[in-house]
Amino acid sequence: MAVSLNDSDGLDDDFDETHEINVTPFIDVILVLLIIFMVAAPLSTVDLPVSLPTSTATPQKRPDKPTYVSIKSDLAVAIGENQVKRVDLVQTLNSMPDMSKDNFIFLRADRAVPYGELMDVLEMLRAGGYAKIKLVALEAVPGATPAAAQ
């Protein structure tokens, strides 16, 4: 904001108005929004340590609010980041708000989980009425062997 304090031009003591936009409050608001998004973005992901296998399949678009069911290497089952008992898995999914049997469930399993344990969880979900299940894997370079992608 510029003001002329020069009395030599014979004007009275009133300051001249400037017709410029003060952008300082706008920049402050933008910086606050940036900080909010920087803090909120990591909270919207699942941070369970699961060693996923790799896949060369074409990645698909992820929904806005995905429901992740994870099987950790110690065979513990979790929905999102909340660990649940296997017998309570379907009941917990049924009690979740915004969850219906038509929504996709993204199943993440650690590389060390035996195939039978993965199938047991899949069978529990199917018996509970959840038939739309997608398996999650890490992206690999097409043409690479599975041993090289690890």
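Numbering (our numbering), first residue to last: 1 to 150.
Even for Gly, the Cβ is constructed at its ideal location relative to N, Cα and C.
A quick note: this is a predicted structure, and the numbers were derived from the prediction, not measured.
Between which residues of its own chain and residue i is the CB-CB distance below 6 Å, once the five residues before and five after are set aside?
| i | result |
| --- | --- |
| residue 37 | none |
| residue 128 | 90 |
| residue 86 | 77 |
| residue 105 | 67, 69, 130, 133 |
Taking Cβ to Cβ, would you say residue i is nearer than 8 Å to residue j?
| i | j | result |
| --- | --- | --- |
| residue 112 | residue 70 | no |
| residue 134 | residue 107 | yes |
| residue 109 | residue 54 | no |
| residue 93 | residue 68 | no |
| residue 132 | residue 102 | yes |
| residue 117 | residue 52 | no |
| residue 123 | residue 59 | no |
Which residues does DSSP list as the beta-bridge partners of residue i?
| i | result |
| --- | --- |
| residue 108 | 70 |
| residue 83 | 78 |
| residue 17 | Answer is none; residue 17 lacks a bridge partner. |
Along the chain, where does the beta strand (DSSP E) that runs through residue i open and close?
| i | result |
| --- | --- |
| residue 135 | 133 to 135 |
Would you mind reading off the limits of the alpha helix (DSSP H) that contains residue i?
| i | result |
| --- | --- |
| residue 118 | 115 to 127 |
I'd like the list of long-range same chain contacts for residue i, defined as Cβ closer than 8 Å, with 5 residues on each side in sequence excluded.
| i | result |
| --- | --- |
| residue 19 | none |
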